[in-house]
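Presented below is the structure to which this report refers.
2 protein chains.
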Amino acid sequence: MGLTKTEIFTEEQNRLAVMLKAIAHPARIAILQHIISANACICGDLVDELGLAQPTISQHLKELKNAGLIQGTIEGVSICYCIEPKAWTLLQDQLNNFFNLYKVPTSCC
Amino acid sequence: MGLTKTEIFTEEQNRLAVMLKAIAHPARIAILQHIISANACICGDLVDELGLAQPTISQHLKELKNAGLIQGTIEGVSICYCIEPKAWTLLQDQLNNFFNLYKVPTSCC
DNA sequence: CTTATTAATCGTAATATTGCAATATTAAGT
DNA sequence: ACTTAATATTGCAATATTACGATTAATAAG
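Just so you know, the protein sequences line up as chains A and B, in that order.
Residues in the first sequence are numbered consecutively from 3, following the working numbering.
Residues in the second sequence are numbered consecutively from 3, following the working numbering.
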């Protein structure tokens, strides 16, 4: 079906899944790393940096923006993207909560 | 195309993306949470707990196993699944590295 | 050996994702 | 207004994902 049964899961599980899906692609990981390392923001340098066509990059940026992880502000002709600090921290916290559930058990299967 | 251009990215970016993709689904998040909270491992309880059909759960478990995040050992008729500690820690570390790249900048766009 | 029980696999339908060419939009500069 | 640039949007082909019914494989119990 290709259609996730979201109504079965909690709001939190769905939110975390959406955010994770946004970064679960090498191109989007690369884009985020580049945005971060350029500290000051960037735009279509990404097209040169990564070997992907402009529409493809644009689409990945859109998905990251939809997930709330980045924000873009118009700067003349080009658009300046940067990390959305609140969402970034939120995701980090949610992930920590998730991972810290697990304590290595004394015995297992 | 639906086909990721993995050859463009680094080995690390691809590995992280694969692991993230494995947990970027509410059902698989729920499965992991349940496996963790049951500490001692479980099997087809998941079918009762989540509202998904047995083949669907089995498929999700397979993906988690393929990503190396869980392991299953035969226990009589049923199969006991639990977290794979090494992969779990590795993913946690890789994610921390990724998130800690970002320091809130003084100015941005 | 037969029968439950449990879980994997196969096959399939519906939908989502990835990537790009072509085109549209937007904002500056002339 | 016209041109140039930087991005976004549209449309499409190829492939991947999600979910499940039907079936199969494997083990345990009688």
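Even for Gly, the Cβ is constructed at its ideal location relative to N, Cα and C.
With a 10 Å radius around its C-beta and 16 neighbouring C-beta atoms as the bar for buried, classify residue i as buried or exposed.
i	result
Gln15(B)	buried
Pro107(A)	exposed
Lys105(A)	exposed
Pro57(B)	exposed
Glu77(B)	exposed
Leu103(A)	exposed
Leu1(A)	A query on residue 1(A) cannot be resolved here, the shown segment of chain A reaching from 3 to 111 and no further.
Ala5(A)	Note on residue identity: the sequence assigns Leu, not Ala, to residue 5(A). It counts as exposed.
Glu13(B)	exposed
Ala26(A)	buried
Lys23(B)	buried
Glu9(A)	exposed
**OP:** Return the chain-ordered ranges of every beta strand (DSSP E) run that is complete within the segment 35–107 of chain B and spans a minimum of 3 residues.
**Re:** 72–77 and 80–85
Original post:
Does the segment 64–71 of chain B come within contact of the segment 43–55 of chain B, defined as at least 3 CB pairs closer than 8 Å?
Top reply: no
Subject >> Where the segment 39–50 of chain B meets chain A: residues whose CB sits under 9 Å from a CB there >> reply: Ser39, Asn41, Ala42 and Cys43
Original post:
If contact means a Cβ-Cβ distance below 7 Å, which residues of the segment 16–28 of chain A contact chain B?
Top reply: Asn16, Leu18, Ala19, Leu22, Lys23, Ile25, Ala26, His27 and Pro28
Original post:
Would you say the segment 30–42 of chain A touches the segment 15–24 of chain B, given that touching needs at least three Cβ pairs under 8 Å?
Top reply: yes
**OP:** Identify each residue in the segment 58–88 of chain B for which the Cβ-Cβ distance to at least one residue of chain A is less than 8 Å, and report them in chain order.
**Re:** Gln73, Gly74, Thr75, Glu77, Cys82, Tyr83, Cys84, Ile85 and Pro87
Subject >> Proximal residues, the segment 89–102 of chain B versus chain A, C-beta separation under 7 Å >> reply: Trp90, Gln94, Leu97 and Phe101
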